[in-house]
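Visitor: I'd like to ask you about the structure that follows.
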């Protein structure tokens, strides 16, 4: 393993030690006397009627999909960006075709209205 | 205008007068639905200022129900008043003026007067399930619905 | 062992590159402590600055000019009862703030405070930073889901949708900067002649590329670099959920968004994470576009005189702060009640002045240069954050999405393509 | 202890692959089945990257393609899941027994 | 925005209201079925930072989009109308201050004038001028408070502190005049209880010079701010016909393009003596309501300046009987409160206590327009619209 | 160990980290397939993915590790979490976790495992221990060259795949809009 990455693991170890200590320390000094009202979810002072989970609009999901797709696109651009001088015009065109295909998709979803919120 | 209305409804309009510079007319409950429509559409009383009621327990027809109307084009106000007995209902004006919705609910809430044709007649200021109509004269000023208070707030009523 | 420790001091690489575990640990601890202190200071400064924007005084009671307020807050939050709603998913509820906290602190692994003052220098530094910062989305979603309450859920969905949307624009802006790193040389636009043609993802490499090209990437291919920087600057505000993009925690709509149900220490972890992330993304912006740790005009204003002038800045800054503190001391009400506070402020000023004086000592002066300029640039961003908060109303969610997807994304792609074409042609 | 070689990684990858297969074959919840597929793909990636140490970077490039593929698969698969859930109010694979709805 | 033609007398469309609203009425189902639907239903309020008190709005949402709302009010109901029936006319006077507690002076003015009308007496001119000055100052204070909280709702934090700073000057004048800042109880039936204090005019003039640059300052922060424009333009639109059908009044009505202000239409107190304009809007959106109120602040300043310049000498109380027993009869009197038409309908049975006092609160009626304004909008717009309606729950619930 | 050992990074540490990370990977895999609550599964999967990124780092594949963190942990898992939030899972949580054919599935998986073991035992000798090390420092650059050279066709196809993914998902999910 290259040594450059060692600090990441040290970081993980430090976090793994520090956070439990903090949480434990806080647990020792804070009061603990829950009651029913305290443990109720916040609903602006009204008793909640139903579970809050699972009734949300699909638009959020479309946003997430678009994000993933464009994220993949960005990832593919990184190797090109560090070497694009060597890849030259040919690499540029490759990249442009790659982007172009995705831009077509982007324009399509724009026209389809998936980017509109309402 | 009054003359025209009188010509149309005859004795339906019991009284049309001015007191302290303010016009009012007392009409028969049976024609009030029509009359309000006409006032709105023909006479351009397009703004319903208020709907309210007054309770006279010693009268046979216990309630006055009032519509206070205003016309933007004439810059004029008029009060339409009907008298009804306890338990009688009044035609709703929601289809004439949308604003009547909450105003009628408040009258219902405070006096217990029902409005026929109201889309959602329920209590507005007092909580659902409250007993009694506070603005009636037989409702004491410190009176509370003790059962409701106990059931919903978990405290003894403050009396 | 001692050798192992001291040998690093004479090397000129980061502890990670030197493979020095001990110093890596020391650096990590310093960065952890430093960031925690910075977050506390930021907290105080934000409240103070915001207050002065709004013609009020801000914290004044705890310590002179409220200087001890963050400590008081920390103690308060530690001793507050920790409430986990009965309906909540305990484990996920417990782990969500930790994910956010770790994600925002992990970014600092690659932040170069100076050519050697970084925990490590990864050859995928910027990729690592993007990846780690994208992990905080998971924390947000989980916090909202675990609370099992309407407001946190809506806040979480909003927040995550917002964060992922702006991450795309952010990524494109970053790619533009990476493209610029490939353009070494001293031609007309700082490119062309003597090109090595290889870019880098390493954070230190990016800063050095700016030094080699004699230009901050902010001004590279003006206005392309500037636009890319603008995209990044907007995206980073949105990424950290700060005004005017603070919808997830829009207190007037969602009361507190995804952390509505959190209290006490757990809530403070969110705050710590948020502020740490603010500082982190600002550091990234400084690294990518503002020449990182380099002082202004390192290539034009050269020579010993200029070096000396610029090296005096850190000390002067602290002396100025000390002077402000002493002015504050003079303006303190002359009343026995305020005696302790006056002495405290004077002591604080004295400490600042002392630090300032120490910073004038030549060896310290030279060592501290990089860190000073880096922090000064980051502080500028921090001030911008506060300024935005004082000035702007809040975007609405659909407008936010519109800005992200329909404005920043096309502009980002356009800038990238133009930069690439320019880079290939020149 | 033996130094860690490619073989060690392959063993881990194989175990991960089997875990994924078990998940796909035994769970009812479609979301978890999709996650198990991700496990399988990860096992493949681990293999590819481990092999890349032997025969150059091809394996890493392939791993990137596999991740791309996983993204596309997750996007479409979960899209189908949502459409399905909206019609049938269930995410159980046992109940996906119609070819159209 | 404003033109000088006094009145907009075009008759309104005879159709009762927009179809949009009527369709809503068909939708208005009772609470139970409302919750049974598969959409997301959340409560906004009563314990919510942006509902301006204890208003509860049940929102039916599809994601971020509002499908419908239902207001639940009454959390602050104190039975003011019932109290009135058990107090003498004089004793009830302080109670009206507690309704719209940010514009207590206006409440008092309306009540006093209504009872004066019923008693058939008239306040002396000096008293009327003092009333106008104080009422307009109060309108300014109310609008400033509205602006601060409205901007805060939309996320601009700073205007709140600016407006509160400047409102403080008004409250100081009130305090010097009558000893109270919020619930002033400044007027008596028949005039004003207090003569103006020494230097009252000077204070007011000083204030008049002080505040216009401050109003410019608020506008500088907001009016041309891109985000502010995006958040307010075409948000919470209410058409002219809808506005009239829903009986909304005040700036909300005027922003929809109806040039109607009771101070002009049926002048009370001394308003007929002053020259001022009634600003109107064109689109009836949140931005128009904002500009209308901003302009109203400036017009108020104009009125106050004229009033201070022309204030006559003379007594401040009319001859009022020790024991007030108005003749049997009923009266409806309304004034233009900062929020809209504030009406008092008083029935006298000849005794010392009113037989019935009905208060027509502007906020109550305006709040009813919330639903139509936010249908199809986003959650954030609900906040903006609640803010722009300028409701005070003390008045809504009475 | 393939490379000359550099100061600070002992082979012991490599071994330790390998067993730690692969243990985490497998453990999280077990949690993924056994948890009742999909969110817990997702959480386990995230930890597994991060541990695996660590393994990639150990395999001198930093770019793949970065992609793993950004795309898998930060992208695809967000997608999973969104879906879990969008579909009401309360019912499925109360129900049986495994399907009716779980025995068959398990047997098949075990058979596969046996197959792997056989391959392992037979093919163990095939893998050399010392091999040429790809240059870790320019890993991304090398990947760039390959991706835009040798694998350009696959690369362009990938963009088509992504296009199809967008279109498919939007069409699928937008039915209602």
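Residue numbers (the numbering used here), protein chains in the order written: chain A, 1 to 118; chain B, 119 to 277; chain C, 278 to 703; chain D, 704 to 804; chain E, 805 to 1202; chain F, 1203 to 1379. Beta carbons are placed, not taken as given, at the ideal position from N, Cα and C, and that holds for glycine. Remember, it's a predicted structure, so these values are computed and weren't measured experimentally.
#1: Since residue 771 of chain D meets chain A, which of its residues come closer than 7 angstroms, beta carbon to beta carbon?
#2: By how many angstroms is the C-alpha of residue 900 of chain E removed from the C-alpha of residue 884 of chain E?
#3: How big is the Cα-Cα spacing for residue 1251 of chain F and residue 1223 of chain F?
#4: Can you name the residues of chain A whose CB is closer than 8 angstroms to the CB of residue 389 of chain C?
#5: Check the Cβ of residue 1224 of chain F against every Cβ in chain D and list those closer than 7 angstroms, keeping chain order.
#6: Look at the alpha carbon of residue 152 of chain B and the alpha carbon of residue 1008 of chain E, and state the distance between them as a whole number of angstroms.
#7: Compare the C-beta of residue 79 of chain A against all C-beta atoms of chain F and say whether one is closer than 7 angstroms.
#8: Using a Cβ cut-off of 9 angstroms, pull out every chain D residue sitting near residue 69 of chain A, in sequence order please.
#9: With a threshold of 16 other CB atoms inside 10 Å of the CB of residue 948 of chain E, please say whether the residue is buried or exposed.
#10: State the DSSP-derived secondary structure class of residue 267 of chain B, mapped to helix, strand or coil.
#11: Are the C-beta atoms of residue 259 of chain B and some chain E residue less than 7 angstroms apart?
#12: Determine whether the Cβ of residue 1340 of chain F lies closer than 7 angstroms to any Cβ atom of chain D.
#13: Put residue 372 of chain C into one of helix, strand or coil per three-state DSSP.
#14: Of the choices E/895, E/906 and E/930, whose alpha-carbon is the least far from that of residue 915 of chain E?
#15: If contact means a Cβ-Cβ distance below 8 angstroms, which residues of the segment 899 to 924 of chain E contact chain B?
#16: Which one of B/232, B/189, B/194 and B/120 has the shortest CA to CA distance from residue 158 of chain B?
#17: For residue 170 of chain B, report the span of its beta strand (DSSP E) as first-last.
#18: For residue 209 of chain B, which three-state DSSP category applies?
#19: Does residue 8 of chain A come within less than 7 angstroms of chain D when only Cβ atoms are used?
#20: Count the other CB atoms within 10 Å of the CB of residue 268 of chain B; is the residue buried (16 or more) or exposed (fewer)?
#21: Give the secondary structure of residue 393 of chain C by DSSP, where H, G and I count as helix, E and B as strand, and everything else as coil.
#22: Hey, does residue 11 of chain A have any beta-carbon neighbour from chain F nearer than 7 angstroms?
#23: I'd like to know if residue 808 of chain D contacts chain F, where contact means its C-beta is closer than 7 angstroms to some C-beta of that chain.
#24: Pick from E/890, E/1004 and E/923: whose alpha carbon is nearest that of residue 1129 of chain E?
#25: Starting from the beta carbon of residue 1343 of chain F, find every residue of chain C whose beta carbon is closer than 7 angstroms, and list them in chain order.
#26: Who does residue 995 of chain E pair with in a DSSP beta bridge?
#27: Within 10 angstroms of its Cβ, does residue 329 of chain C collect 16 or more other Cβ (buried), or is it exposed?
#28: Kindly say whether residue 1367 of chain F, judged by its beta-carbon, lies nearer than 7 angstroms to any beta-carbon of chain C.
#29: Any C-beta of chain C sitting closer than 7 angstroms to the C-beta of residue 4 of chain A?
#30: Could you tell me whether the Cβ atoms of residue 453 of chain C and residue 538 of chain C are closer together than 7 angstroms?
#31: Taking 7 angstroms as the threshold (C-beta atoms), are residue 1061 of chain E and residue 1084 of chain E in contact?
#32: Using the beta-carbon of each residue, which ones in chain C are nearer than 7 angstroms to residue 969 of chain E?
#33: I'd like the span of the alpha helix (DSSP H) that includes residue 1140 of chain E, first residue to last.
#34: Along chain C, in chain order, which residues have C-beta atoms closer than 9 angstroms to that of residue 1235 of chain F?
#35: Kindly identify the DSSP beta-bridge partner or partners of residue 140 of chain B.
#36: I'd like the list of long-range same chain contacts for residue 934 of chain E, defined as Cβ closer than 8 angstroms, with 5 residues on each side in sequence excluded.
Guide: The structure says:
#1: 72
#2: Taken atom to atom, the span from the alpha-carbon of residue 884 of chain E to that of residue 900 of chain E is near 8 angstroms.
#3: 10 angstroms
#4: The premise fails here: residue 389 of chain C is roughly 13 angstroms from chain A at the closest Cβ pair, so nothing lies under 8 angstroms.
#5: 715
#6: So the two alpha carbons sit approximately 52 angstroms from each other.
#7: yes
#8: Neighbours of residue 69 of chain A on chain D, chain order: 774, 775 and 778.
#9: buried
#10: helix
#11: Between residue 259 of chain B and chain E, the shortest Cβ-Cβ separation is below 7 angstroms.
#12: no
#13: Three-state result, residue 372 of chain C: helix.
#14: E/895
#15: 921, 922 and 924
#16: B/189
#17: Its beta strand (DSSP E) spans residues 165 to 173.
#18: strand
#19: The beta carbon of residue 8 of chain A sits no closer than 7 angstroms to any beta carbon of chain D.
#20: exposed
#21: coil
#22: No, its Cβ sits nowhere closer than 7 angstroms to a Cβ of chain F.
#23: Nothing about residue 808 of chain D can be reported from this structure: the residues present for chain D run from 704 to 804 only.
#24: E/923
#25: 475
#26: E/992 and E/1121
#27: exposed
#28: No, residue 1367 of chain F lies away from the interface with chain C (no Cβ there is under 7 angstroms from its Cβ).
#29: yes
#30: No.
#31: yes
#32: Within chain C, the residues 332 have their CB atoms less than 7 angstroms from the CB of residue 969 of chain E, given in chain order.
#33: First-last for residue 1140 of chain E: 1133 to 1141, but that is the beta strand (DSSP E), not the alpha helix (DSSP H).
#34: Per Cβ cutoff of 9 angstroms: no residues; residue 1235 of chain F is ~18 angstroms from chain C at best.
#35: B/137, per the DSSP bridge assignment.
#36: 996, 1000, 1115 and 1120
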